[in-house]
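Colleague: Residue numbering for the sequence shown follows the numbering used here, starting at 1 and increasing by one per position.
So that we are looking at the same thing, I have put the structure below in structure tokens.
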Amino acid sequence: MLGRLAILGLLLSVAGAIGIYRTLPCRRAADLQGRTHIAEQTDTLLAGLPEDVNQQVAALKRLSPQALQTYQQARLKADIHRLACGQVPVDDGSAEVLYGPDFREKVARYKASKERNEYILSASLLGLLIGGGLLILSTSLALARVLLAGIRWLWRQASVKKQPPPPRPAQPKQVPGRPRVATASGRPSLAVSAGPVVDQQLPYLRDEPDPPGTMLAADEDRSCLSAGGQTATSVAMVGQKTVESGPIISTLSQLNEQISAIRQYAAQQQQRVARLESGYDWNIIRTFCLKIIRCMDNLEDRICQDASRGLDTEQLEQVHDELLFALEASGLEQFRPQVGQTMEGLHGQVEVAKERQAPPNPALTGRIAQVLRPGYRYLIDHQRARVVRMARVRLYG
């Protein structure tokens, strides 16, 4: 979006600079014409008495036709700016002798050319100002985004440094022969530390050998104690696994639920921010585009007025085409419905005037008779566009 604004501002600035470059030399030439020695003679003549004017007119009549024509052309070239502004009186017959018989037509053409240059200069200055403003705005927004990103990064780094390190879990005391939970592999597993199962109440060994019956009884008692110890160890392992794996599974399920809730909340917030940003950007673009569209309407009205008067509109049409090309390159497209087209599929794009036009054929009733004002739409991509201003049409009816 910032790139499009920057391109639009650059195009408007270039178009405005071209218009100013083409019109300023004309104004300078008009100022220089009013500073010649012939213009000074005109000032002296206007400040004098009517007898002085009559004497100069009589002296000019005595010149040859070729010399008189040369003098009239030079004098008209020097005084044409003030003649167009009405600063030199031309009511009496002396003006035709001073400037030639067709000086009024030349003054009228000069006045029309001067007005046209003024309009071109105004449009160029407006385009230059708007383009410069867009460039400054896009640059400021880009710098603001970079600055905000840097501030966020610094804030995150400071938050990470301020957080205390997580406490280390206490290591349980290992008891020989008691099962423990091993989590080195990433999931709980049951392990039993190796430890001898020794009966603490072994019979006292004596130096004297026991009788055979006593030795057999002692062996049987020892085997019974060993079997009982192994059975007790297996029972303890099963019970310890059931008791210690239950809280771990519960904690993992709670963590999964919290992570899912955080992800869902983050997705909702991202969608909300995207909607807010798109609406804010569209309001800025639409307001700016409407201002440019009003300038285009005024320029088109001026071209139509000059064309109806028979004046030259080539320069105005060139400026209009350059501005229209700049707008289309920036995504703002002008559209005109076709005359004779039905209103089907044009909802939200066309505004219908109240006045109707009588149809030459009854079958044309309800169709477009005339396009009063073109419409403009902003191209978001190749498949989507939003209407900035609807076209105004008149229907048959």
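Built from N, CA and C at the ideal position, the CB exists for glycine as well.
#1: When you compare each of Pro-374, Arg-389 and Leu-395 to Pro-362 by their alpha carbons, which one comes out closest?
#2: Would you mind reading off the limits of the beta strand (DSSP E) that contains Ile-368?
#3: Tell me the rounded alpha-carbon separation between Phe-103 and Cys-295.
#4: Of all the options Ile-293, Tyr-265 and Arg-302, which has the alpha carbon lying nearest to the alpha carbon of Gly-127?
#5: With DSSP as the reference, label Val-393 as helix, strand or coil.
#6: Which stretch, first to last residue, makes up the alpha helix (DSSP H) that contains Pro-339?
#7: With DSSP collapsed to three states, give me the class of Leu-379.
#8: Apart from the five residues on each side of it in sequence, which residues of its chain come closer than 8 Å, Cβ to Cβ, to Arg-302?
#9: Glu-314 by DSSP, collapsed to three states: which one?
#10: Do the CB positions of Leu-379 and Gly-331 come within less than 7 Å of each other?
#11: Check whether the Cβ atoms of Ser-124 and Ile-20 sit closer than 7 Å, and answer yes or no.
#12: Using the three-state DSSP reduction, which class does Gln-349 fall into: helix, strand or coil?
#13: Measuring CB atoms only, is the segment 346-353 touching the segment 321-328, in the sense that at least three cross pairs come out at less than 8 Å?
#14: For the alpha helix (DSSP H) containing Leu-364, list its first residue and its last residue.
#15: On the three-state DSSP scale, how would you describe Leu-63?
#16: Please report the straight-line C-alpha distance between Pro-360 and Val-339, rounded to a whole angstrom.
#17: Between Leu-252, Ser-13, Arg-386 and Thr-313, which has its C-alpha nearest Asn-283's C-alpha?
#18: Could you tell me whether the Cβ atoms of Val-388 and Val-371 are closer together than 7 Å?
#19: Would you identify the three-state DSSP class for Ala-385, choosing helix, strand or coil?
#20: Measuring alpha carbon to alpha carbon, tell me which residue in Ala-67, Glu-96, Ser-245 and Gly-16 is nearest Gly-132.
#21: With DSSP run on the structure shown, which of helix, strand or coil describes Glu-118?
#22: Which of the three DSSP states is assigned to Glu-344 in this structure?
#23: Who pairs with Gln-334 in a beta bridge, going by DSSP?
#24: Please classify Tyr-280 as buried or exposed, where buried requires at least 16 neighbouring CB atoms within 10 angstroms.
#25: Using CA coordinates, which residue listed in Met-343, Met-390, Leu-327 and Phe-335 is at the minimum distance from Ala-369?
#26: Which same chain residues end up closer than 8 Å to Asn-256 when comparing Cβ atoms and leaving out the 5 residues on each side of it in sequence?
Modeller: Based on what the coordinates show:
#1: Looking at the Cα atoms, Leu-395 is the closest of the given residues.
#2: 368-373 is the span of the beta strand (DSSP E), which, as asked, contains Ile-368.
#3: In a straight line, the C-alpha of Phe-103 is about 35 Å away from that of Cys-295.
#4: Checked all of Ile-293, Tyr-265 and Arg-302; the closest Cα to Gly-127 is Ile-293.
#5: In the structure shown, Val-393 falls within a strand segment according to DSSP collapsed to helix, strand and coil.
#6: Pro is not the amino acid found at residue 339; the sequence shown has Val there. Taken as a continuous stretch (DSSP letters only), Val-339 belongs to no alpha helix (DSSP H), as it is neither H nor E.
#7: Residue state, collapsed to three classes: strand.
#8: Within the same chain, Arg-302 has close Cβ partners Tyr-119 and Leu-316.
#9: If DSSP states are grouped into helix, strand and coil, Glu-314 belongs with the helices.
#10: Yes.
#11: A contact, by the Cβ cut-off of 7 Å.
#12: Coil.
#13: Contact between the segment 346-353 and the segment 321-328 is absent, with fewer than three C-beta pairs closer than 8 Å.
#14: No alpha helix (DSSP H) holds Leu-364; DSSP gives it neither H nor E.
#15: Coil at Leu-63, not helix or strand.
#16: Here the alpha carbon of Pro-360 sits roughly 13 Å from the alpha carbon of Val-339.
#17: Closest option to Asn-283, judged by alpha-carbon separation, among Leu-252, Ser-13, Arg-386 and Thr-313: Arg-386.
#18: Cβ atoms of Val-388 and Val-371: not closer than 7 Å.
#19: Strand at Ala-385.
#20: Cα-wise, what sits closest to Gly-132 is Gly-16.
#21: In the three-state DSSP reduction, Glu-118 falls in the helix class (H, G or I).
#22: In the three-state reduction of the DSSP assignment, Glu-344 falls in the coil class.
#23: Answer by DSSP bridge pairing, in chain order: Tyr-376.
#24: That one is exposed.
#25: Measuring from the Cα of Ala-369, the nearest candidate turns out to be Met-343.
#26: Answer for Asn-256: no residue qualifies.
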